[in-house]
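In what follows, a structure is listed as structure tokens, so that the remarks can point back to it.
Protein chains in written order, with our numbering: chain B, 1 to 343; chain V, 344 to 686.
Encoded structure:
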């Protein structure tokens with residue numbers, strides 16, 4: 001459009017940014033970028049190992065969860081294999097499954113939540129190689145508690161691997177994630193520095209899994225694939241948990257403000273354990289799509305779920321007060337426009 | 344070993360580093376790393392397009408040549424397909440071929456050069472999907488002239504794609520590379536910011552190819568896989584051609600010094616169009632391996648070819664004067680030790 005967005009609240013990036021210590025570490029590493037990064041990611045793995053209380057043999061580092069999902073699908077899915085996910089869940093996972101020739105089977109969301117029982121049943125029915133569950137969920141922001149997820153892990157069918165995507169876990173209340181138990185071979189968990197840690201552009205994610213699976217990554221990953229600067233930034237970000245906690249508090253406050261603004265405009269915010277709020281616009285997908293377009297025309301970047309009935313909603317990422325002010329200022333007219341257009 | 348290397352001359356990194364403008368661009372981008380990078384690499388593609396004088400539709404950007412080779416192999420090779428390379432050529436290419444189930448066929452180097460005629464003949468014989476040629480070559484540093492490479496391109500068998508790896512092309516004399524002619528479907532050329540541009544740790548490479556091939560990358564690449572900081576750094580590095588040219592001059596001077604030191608110690612340096620000098624130690628692989636170990640024990644990091652008869656050589660990357668001084672100081676004793684060990 002020629003003009004930058006007033007508020008960038010569409011991609012679940014963290015406007016609160018990375019820790020200043022991570023920024024400083026990246027700036028310091030810039031002049032060292034003539035050297036390859038450590039192909040073993042040794043220091044970052046050690047630090048994650050200590051932080052998580054699990055052995056480094058349970059960790060695989062990758063270029064964001066996207067890069068890890070690529071490797072996970074490559075290691076487990078070949079032409080004709082079946083994979084189960086929720087209709088409208090993370091499209092990049094589907095992209096990788098399609099890319100390696102897998103066949104996707106989907107189950108619907110249930111009351112705006114992913115549906116563990118339906119995912120398990122479908123996986124059993126189609127003899128799936130993978131089940132994908134994002135908890136807390138994107139794009140709805142909803143979640144299942146630790147007990148529910150643990151029960152799902154316990155019942156993953158023989159021959160199936162559960163990909164438990166915990167991209168947003170740092171934004172969630174304590175205790176939402178089941179214990180790591182990283183020797184459990186039927187689950188691989190993915191986490192990232194892209195969301196609460198505020199480093200989406202650095203491409204650093206990690207997987208927590210059984211050692212056999214972590215070793216398998218070494219057979220397919222690009223060994224020198226990690227940016228040296230990103231390695232330095234992720235390490236410093238991990239070591240600044242105070243900053244992370246402060247960010248998580250800001251995210252929680254931003255969620256509350258966004259929810260209030262939604263309600264004040266007659267929309268219904270869904271509860272969220274992520275860094276965004278998904279809100280029911282009160283119509284169908286056409287109305288929500290019109291609202292997204294209308295907000296973007298007002299230089300407010302938001303996105304929305306893309307499968308019915310979840311596509312009655314729009315999704316607004318947490319932002320600074322100024323971002324949310326801009327959203328609040330644009331929403332009433334954007335909503336009026338959208339309603340006028342859809343009729 | 345607990346102590347850092349005195350000279351890091353083993354990985355063909357550029358100790359001369361990236362342009363200060365690239366470092367500044369990366370430092371400036373560090374605080375923007377909360378945002379994803381541009382998934383289309385639009386700005387970098389446009390700049391490369393202008394620099395190379397070809398349309399952006401001929402370009403694919405990836406996480407270094409390693410990342411591009413992964414995509415190239417994935418797009419062209421499946422179980423049972425055959426691939427031709429030189430015995431002792433770039434092992435990461437072989438790693439990807441093995442990873443996607445391809446079968447490697449190798450031909451020997453000929454007089455320390457890759458052998459285009461043997462590669463073509465073998466490709467025809469085994470009906471290869473890919474031929475890999477690195478020009479100028481790693482690990483020997485030798486090269487074929489533009490006419491020879493063009494003649495090879497012209498005779499690539501039907502159904503075969505030539506992967507022309509030009510990682511070191513900026514270090515080579517002008518005119519060594521054949522004209523780009525990027526509509527030619529039988530060749531894909533790979534280049535990088537890791538070598539002469541001095542940004543190995545940033546992971547930015549690009550492929551020059553027919554538009555159909557460039558489009559195919561979009562079906563398998565990680566769309567948000569590029570580090571935002573690396574994108575900014577590569578753009579600034581490309582825009583500072585003066586710095587590149589100055590670096591290339593430093594590399595040429597360093598090559599001359601390394602060659603002189605080799606000769607002064609009774610070793611035979613090979614001619615090189617890269618950022619390293621490969622030198623014949625005058626014995627077999629055991630002697631060269633002993634020399635590499637003996638240099639590393641003296642905190643001088645070098646590497647060597649790993650297939651006979653090329654493994655009679657060691658490979659020394661260009662360095663600053665101090666690096667080369669350290670190499671020169673260590674070499675006589677290291678050589679005496681190696682000779683004593685091998686006997």
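Here a beta-carbon is modelled for each residue, glycine too, at the ideal position from N, C-alpha and C.
Checklist entry - Excluding the five sequence neighbours on either side, which residues of its own chain have a C-beta within less than 6 Å of the C-beta of residue 412 (chain V), listed in chain order? => result Cβ contact annotation for residue 412 (chain V) (same chain, cutoff 6 Å, sequence separation greater than five): 436 and 439, in chain order.
Next on the checklist: Tell me the rounded alpha-carbon separation between residue 115 (chain B) and residue 107 (chain B).
Outcome noted: Our two residues, residue 115 (chain B) and residue 107 (chain B), have alpha carbons roughly 8 Å apart in a direct line.
Checklist entry - Applying the criterion that 16 or more other CB atoms from any shown protein chain within 10 Å of the CB defines a buried residue, is residue 585 (chain V) buried or exposed? => result Only exposed fits residue 585 (chain V), as fewer than 16 other CB atoms lie within 10 angstroms of its CB.
Item to check | For residue 120 (chain B), the three-state DSSP class (helix, strand or coil) | outcome: Three-state DSSP puts residue 120 (chain B) in a helix.
Item to check | For residue 38 (chain B), the nearest candidate out of V:401, V:594 and V:545 (CA to CA) | outcome: Here the closest residue by C-alpha is V:545.
Checklist entry - Can you find a CB in chain B that lies within less than 8 Å of the CB of residue 366 (chain V)? => result In terms of beta-carbon proximity, residue 366 (chain V) lines the interface with chain B, with at least one pair separated by less than 8 Å.
Next on the checklist: If we define contact as Cβ-Cβ less than 8 Å, is residue 436 (chain V) a contact residue for chain B?
Outcome noted: Output row for residue 436 (chain V): interface = no.
Checklist entry - Does the beta carbon of residue 660 (chain V) come closer than 8 Å to any beta carbon on chain B? => result No, residue 660 (chain V) does not count as interfacial toward chain B.
Checklist entry - Are the Cβ atoms of residue 357 (chain V) and residue 618 (chain V) separated by less than 8 Å? => result A contact, by the Cβ cut-off of 8 Å.
Next on the checklist: One question on the structure: do residue 315 (chain B) and residue 283 (chain B) come within less than 8 Å of each other, judged by their Cβ atoms?
Outcome noted: Taking 8 Å as the Cβ cut-off, residue 315 (chain B) and residue 283 (chain B) do not qualify as a contacting pair.
Checklist entry - By the criterion of Cβ-Cβ separation under 7 Å, what are the contact partners of residue 541 (chain V) in chain B? => result Contacts between residue 541 (chain V) and chain B, judged by CB atoms closer than 7 Å, involve 34 in chain order.
Checklist entry - From residue 252 (chain B) to residue 576 (chain V), what does the alpha carbon distance come to, in whole angstroms? => result In a straight line, the C-alpha of residue 252 (chain B) is about 34 Å away from that of residue 576 (chain V).
Checklist entry - Taking C-alpha atoms, which residue in V:560, V:371 and V:686 lies nearest to residue 24 (chain B)? => result Out of V:560, V:371 and V:686, the CA that lies nearest to the CA of residue 24 (chain B) is found in V:371.
Next on the checklist: Less than 6 Å between C-beta atoms, sequence neighbours within five positions excluded: which residues of the same chain meet that for residue 446 (chain V)?
Outcome noted: Taken in chain order, the residues that qualify are 425.
Checklist entry - What is the DSSP secondary structure of residue 392 (chain V), reduced to helix, strand or coil? => result Looking at residue 392 (chain V) - three-state DSSP - the assignment turns out to be helix.
Checklist entry - What residues in the segment 546-562 of chain V have a beta carbon less than 8 Å from any beta carbon of chain B? => result If you check each beta-carbon in the segment 546-562 of chain V against every beta-carbon of chain B, the ones closer than 8 Å belong to 546 and 562.
Checklist entry - Under a Cβ-count criterion, where at least 16 other Cβ atoms within 10 Å of its own Cβ denotes burial, should residue 263 (chain B) be classed as buried or exposed? => result Result: exposed.
Item to check | Chain-ordered chain B contacts of residue 573 (chain V) [CB-CB under 7 Å] | outcome: Below the 7 Å Cβ cutoff, chain B contributes 227 as neighbours of residue 573 (chain V), in chain order.
Next on the checklist: Please tell me whether residue 397 (chain V) and residue 525 (chain V) are closer than 8 Å, where the distance is taken between their beta carbons.
Outcome noted: It is a contact, given that the beta carbons lie within the stated cut-off.
Checklist entry - Ordered along the chain, which non-local residues of its own chain (more than five positions away) have a Cβ less than 7 Å from that of residue 590 (chain V)? => result Around residue 590 (chain V): 357, 359, 539 and 541.
Item to check | Spatial neighbours of residue 22 (chain B) in its chain, beta-carbon cut-off 6 Å, leaving aside the 5 residues before and after | outcome: Counting only Cβ-Cβ distances below 6 Å, and skipping sequence neighbours, we find 233, 236 and 237.
Item to check | Terminal residues of the alpha helix (DSSP H) in which residue 100 (chain B) lies | outcome: Unbroken run through residue 100 (chain B): none, as it is neither H nor E.
Next on the checklist: Suppose contacts are defined by Cβ-Cβ distances below 8 Å. Is residue 161 (chain B) in contact with residue 76 (chain B) by that definition?
Outcome noted: Taking the C-beta atoms as reference points, residue 76 (chain B) is found nearer than 8 Å to residue 161 (chain B).
Checklist entry - Roughly how many angstroms separate the alpha carbons of residue 245 (chain B) and residue 33 (chain B), rounded to a whole number? => result One C-alpha to the other measures close to 30 Å.
Checklist entry - List, in order along the chain, the chain B residues whose C-beta lies closer than 7 Å to that of residue 370 (chain V)? => result By Cβ distance, chain B contributes 27 and 30.
Next on the checklist: Given a cut-off of 8 Å on the beta-carbon distance, is the pair residue 482 (chain V) and residue 592 (chain V) in contact?
Outcome noted: No.
Item to check | Unbroken alpha helix (DSSP H) run spanning residue 685 (chain V), endpoints | outcome: Annotation for residue 685 (chain V): the continuous alpha helix (DSSP H) segment containing it runs 664-685.
Item to check | Contacts that residue 361 (chain V) makes with chain B (C-beta to C-beta distance below 7 Å) | outcome: Ordered by position in chain B, the residues that pass the 7 Å Cβ test against residue 361 (chain V) are 33 and 34.
Item to check | Buried or exposed (CB count within 10 angstroms, at least 16 for buried), residue 67 (chain B) | outcome: With 16 or more neighbouring CB atoms inside 10 Å of its own CB, residue 67 (chain B) falls in the buried class.
Checklist entry - Closest to residue 100 (chain B) by CA distance: which of B:74, B:120 and B:111 is it? => result Of B:74, B:120 and B:111, the residue nearest in Cα terms is B:74.
Item to check | Neighbouring residues, chain B, relative to residue 356 (chain V) (Cβ below 8 Å) | outcome: By Cβ distance, chain B contributes 34, 35 and 36.
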